[in-house]
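One structure below.
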Amino acid sequence: MNTAKDFRHPLKRARGLGSAQSGVSHWWTQRVTAAALVFLSLWFVVTVLSVLHADYATARAIVAKPWNALLLVAFVLTVCWHAVLGLQIVIEDYVHTRWKEVSLLVLVKFIAVLGTLATLMAVLRVALGA
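Note that the sequence shown covers residues 20 to 149 in our numbering.
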């Protein structure tokens with residue numbers, strides 16, 4: 020890289036190298052979703068424990084309440100988003116074959132979207148009384 024024909028200043032050569040400025044937002048997003056999951060997980064555990072010995076109609080009525088449906092949707096979206104972010108880091112760090120890396124990233128995102136849509140459809144169906 021440092022040849023006799025390269026008369027640029029070392030700082031000029033270094034520009035454009037290093038961080039691509041996208042890691043910080045990824046890191047922050049993962050931390051924010053983790054913080055949100057602390058509260059949403061507590062709510063989810065309390066809700067599940069409250070319907071543990073209830074019959075189907077009672078459980079459905081609890082999920083159909085607007086706040087519970089909204090929090091359940093937020094929980095599912097946050098879990099899937101957090102999982103995709105975490106798995107992306109693991110795949111990028113430990114899979115060294117480019118086509119396997121890309122395939123796994125696409126597969127993880129596809130499964131997350133499919134799971135999210137299926138769960139959201141089920142929650143909306145219960146919440147809207149279908």
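Cβ atoms here follow ideal geometry from the backbone N, Cα and C, with glycine treated the same way.
Please state whether DSSP places His-45 in a helix, a strand or coil.
Here DSSP, grouped into helix, strand and coil, assigns His-45 to helix.
Given 8 Å, three or more beta-carbon pairs between the segment 114 to 122 and the segment 58 to 78
Taking 8 Å as the limit for Cβ pairs, the verdict is that the segment 58 to 78 does not touch the segment 114 to 122.
With H, G and I counted as helix, E and B as strand and the rest as coil, what does DSSP make of Lys-128?
Judged by DSSP in its simplified three-state form, Lys-128 adopts helix.
Grab me the residues of Ala-131's own chain with a C-beta within less than 7 Å of its C-beta, minus the 5 sequence neighbours each way, in chain order.
Once the five neighbours on either side are set aside, the close Cβ partners of Ala-131 are Cys-99, Ala-102, Val-103.
Do you know whose CA, among Val-43, Leu-91, Arg-117, lies nearest Leu-61's CA?
Comparing Cα-Cα distances from Leu-61 to each of Val-43, Leu-91, Arg-117, the minimum goes to Leu-91.
Per DSSP, what kind of secondary structure is Asp-74 in: helix, strand or coil?
Looking at Asp-74 - three-state DSSP - the assignment turns out to be coil, as it is neither helix nor strand.
With a threshold of 16 other CB atoms inside 10 Å of the CB of Thr-97, please say whether the residue is buried or exposed.
So Thr-97 ends up on the buried side.
Out of curiosity, what's the CA-to-CA distance linking Val-51 and Thr-116?
Spanning the two alpha carbons is a distance of roughly 31 Å.
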